[in-house]
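Working notes, structure below.
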Ligand code: ADP
Ligand code: MG
């Protein structure tokens, strides 16, 4: 338990208030309703509708940022330590929570062009790549980025050009936890590259939306960065640490109006905030600490952020507020939400040598390519020197490699020159016959070709090797460090100041808590008068606190009632909708059809969808030739020649290769009174239900042909399975449809 407690830490919650905008300044009553005590990390909220005597609401956070705060301040104080942890191999998450228009996107992205206004994400890019360029050269890094969006409970890959049509699925594995299957992940070698990735995703986001503001207020954007770092450990082997960073810009937290909408609109409204309300429930359950069940599975967002909330990650939540009086309710809700999140405990740990580290695979691939290259070079050298060149295993030093490359090139040019000379010699040789001359020249020509081919192959291999190697960033090498010593010092000083402010605030907060707790401490009073005074003061203080808590309770109760009413209303509308659908089903769908459909339906909890079970079991597709239902009168099907051959010869029959199917229609007139099987094999009735081309309906039909033609060998030459099906259907039409029984 000790060790667990040691590694456990709380979610850091900071609050930021944006300045009043022009519109709010001009039409609202003067001033905002949010005050901040930067030293103490407190937000003081005034209710614009309450009488002036009502106490103000105070909330304490890890840090607060007012309207004058700089992007840089927030980053240095509250985000930098988290990114440092990610670079050390921890998982980290930053999410921006708040009402639409309060500065979530401004905080996360900001204005790219203005260095003063760059938000958390661009600053994190700088931070990560600068760190890599300054780290020791025995470290190798691999940086990857992904960008996705959750909209109406569907996950879209923003880096996939085809993202509008593909819905990604969540999967869970015991090693990596929850992940998104088939998510695009781009290897980034520089700040510029990762910025391009980000911009590409932002564009994709904007293109799909008719109204960007509306869209972004209803969707969650997750930018994921994976930093893998390999470093030789004390045991001499390379160890890999993997840090995953989630940068999350959540949907607007305001309540979506659910009243007065029906049908699709209602479902949509219910879905929009599903992820956010699930997030709220998860936070409540975790902050409570008592309820055992945490409803992570209720939404895609909470499943993806499972590790970030109560799991293996360090998490920072930035709650954004607007100062305008008309948004008092939303602001209060945001503050309560944020306040609850403070109590979540996470258990972050370094991800050391995970199985899915891509860096390891890259290293292996690079080693393989290098071995291939060396082998080639060695072979050339061997040819040139004419004897086996004895070499030892280590040839890793760059100098030797360069030398070798030059060597190999030299060899190529020399060889070419030699062949050229020989050709000249042959041409000039007067004693050779013309024919012989031609032959020898041809041979030389061929050798030249071979040589060139060889050279090309080596070049290709080298290019591949170089491309692969360039993806790995080596500490202190890949990126030019433009900052001079002075700037570096300045940076360090700034971090120190940020650190100090943080510490000071923590101490102040602790003092405040202690102050409150020591109220009851016994004190010695010199006189009764003094005692009365002191106790009256304390009483007043406590009374004020009591009032605060009372209003808080009332507020919470009100909110509870409100949300319950809303839920009831939603339920009523859904029930009405359900009754409507039932009415249609009961009156317009035959009961047997309904039963058939019902029997085929199964619920897929993974996708939260009802699904139709396939009519044919999918596993029987491969061994279809052998497994067929037996006939009604006890014959084992298949009975045709073709099928018999197929049975004995296995799946690779001669006929199949030649696209010839022999149907020898030599059956006894069988019992044809099996109407349901017959109707099932009718291609004109159920073309859409089964589109598997190899489902053999021919045999079934031969039953009915045989009634009219008891011995008729029928060869069908077809080009493809689809083609065969069409032909069979045609024959079926001409033979059977004309002669109904
Ligand atoms: P959200 O993403 O929460 O809907 P935005 O980030 O789009 O909100 O912010 C809304 C507007 O407020 C933008 O025009 C933005 O530039 C401005 N804004 C937000 N926060 C700040 C801030 N701290 N300082 C200055 N302007 C801000
Ligand atoms: Mg936004």
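In UniProt numbering, the protein residues as written are 1 to 741.
Glycine residues also receive a C-beta, built at the ideal position from the N, C-alpha and C atoms.
Just so we're clear, the structure is a prediction, and the values are computed from it rather than from any experiment.
Residue span of the beta strand (DSSP E) that contains residue 592, given as start and end: Run containing residue 592: none in the beta strand (DSSP E); it sits in the alpha helix (DSSP H), 591 to 600.
Residue list, Cβ distance to ligand 1 heavy atoms smaller than 5 angstroms: Here the residues come out as 18, 100, 101, 102, 103, 104, 105 and 106.
Reduced DSSP secondary structure (H/G/I, E/B, other) of residue 189: Residue 189 falls in the coil class under three-state DSSP.
Contact check, residue 370 vs residue 465, beta carbons under 8 angstroms: A contact, by the Cβ cut-off of 8 angstroms.
Cross-strand partners of residue 229 (DSSP beta bridge): DSSP output for residue 229 lists 141 and 241 as bridge partner(s).
Inter-stretch contact at 8 angstroms, needing at least 3 Cβ pairs: the stretch 116 to 136 / the stretch 446 to 462: Contact fails: fewer than three Cβ-Cβ distances are below 8 angstroms.
Sufficient close CB pairs (3 or more, under 8 angstroms) joining the stretch 279 to 291 to the stretch 321 to 329: Judged by Cβ distances under 8 angstroms, the stretch 279 to 291 makes no contact with the stretch 321 to 329, as fewer than three pairs qualify.
Residue 378 in three-state terms, based on DSSP: Helix at residue 378.
Residue interval of the beta strand (DSSP E) (run including residue 449): Where residue 449 is concerned, there is no enclosing beta strand (DSSP E), although the alpha helix (DSSP H) around it starts and stops at 434 to 471.
contact_flag[the stretch 108 to 122, the stretch 435 to 450] where n(CB pairs < 8 angstroms) is 3 or more: Between the stretch 108 to 122 and the stretch 435 to 450 there are fewer than three inter-stretch CB-CB distances shorter than 8 angstroms, so the stretches are not counted as touching.
Close-in-space but distant-in-sequence residues of the same chain around residue 7 (CB under 8 angstroms, 5 per side omitted): The beta carbon of residue 7 sits closer than 8 angstroms to those of 347, 348 and 349, all from its chain and outside the five residues before and after it, given in chain order.
Buried or exposed (CB count within 10 angstroms, at least 16 for buried), residue 157: Residue burial annotation: residue 157 is buried, with at least 16 other C-beta atoms found within 10 angstroms of its C-beta.
Nearest-angstrom Cα separation, counted from residue 18 out to residue 136: Answer to the nearest angstrom: the Cα atoms are 40 angstroms apart.
Cross-strand partners of residue 59 (DSSP beta bridge): Bridge partners of residue 59: 43.
Best match in 727, 9 and 730 for proximity to residue 345 [C-alpha to C-alpha]: Cα-wise, what sits closest to residue 345 is 9.
Continuous beta strand (DSSP E) stretch holding residue 95: start and end: Here the beta strand (DSSP E) through residue 95 covers 92 to 98.
Any non-hydrogen atom of ligand 2 closer than 7 angstroms to residue 216 Cβ: In this structure, residue 216 has its CB closer than 7 angstroms to one or more heavy atoms of ligand 2.
Buried versus exposed, by CB contacts within 10 Å (16 or more), residue 230: With a threshold of 16 other beta carbon atoms within 10 Å, residue 230 meets it and is buried.
Same chain, Cβ closer than 8 angstroms to residue 69, five either side skipped, listed in chain order: Closer than 8 angstroms at the Cβ level, and outside the excluded window around residue 69, lie 16.
Rounded Cβ spacing between residue 316 and residue 87 (contact assumed at less than 8 angstroms): The Cβ separation is near 15 angstroms, so there is no contact.
Whole-number beta carbon distance between residue 244 and residue 222, since they are thought to touch under 8 angstroms: That belief does not hold up - the Cβ atoms of residue 222 and residue 244 are roughly 11 angstroms apart, past 8 angstroms.
Residue from 489, 77, 75 and 191 with nearest C-alpha to residue 130: Cα-wise, what sits closest to residue 130 is 191.
3 or more residues per run - each beta strand (DSSP E) lying fully within the stretch 500 to 585: Uninterrupted beta strand (DSSP E) stretches at least 3 residues long and entirely within the stretch 500 to 585 do not occur.
Range of the contiguous alpha helix (DSSP H) that encloses residue 102: Careful: residue 102 lies outside any alpha helix (DSSP H) and carries neither H nor E.
Residue 249 Cβ short of 7 angstroms to ligand 2 heavy atom set: Residue 249: yes, Cβ under 7 angstroms from ligand 2.
Test item: CB-CB of residue 145 and residue 250 under 8 angstroms: The answer is no: Cβ separation not under 8 angstroms.
Coil, strand or helix - residue 215 by DSSP: DSSP places residue 215 in the helix class (H, G or I) of the three-state scheme.
Minimum C-alpha distance to residue 61 - residue among 11, 299 and 423: Nearest to residue 61 by C-alpha distance, out of 11, 299 and 423, is 11.
Burial state of residue 303, where buried means 16 or more other Cβ atoms lie within 10 Å: That one is buried.
Rounded C-alpha distance that separates residue 596 from residue 615: Their Cα atoms are separated by approximately 11 angstroms.
Candidates 133, 235, 588 and 342, of which the one nearest residue 284 by Cα: It is 342.
Contact under 8 angstroms by Cβ, residue 274 with residue 154: In this structure, residue 154 does not lie closer than 8 angstroms to residue 274 by Cβ.
Residue of 487, 455, 580 and 91 minimising C-alpha distance to residue 312: Ranking 487, 455, 580 and 91 by CA distance to the CA of residue 312 puts 91 first.
Contact test: residue 171 Cβ vs ligand 4 heavy atom, cutoff 7 angstroms: What this structure holds is ligand 1 and ligand 2, not ligand 4.
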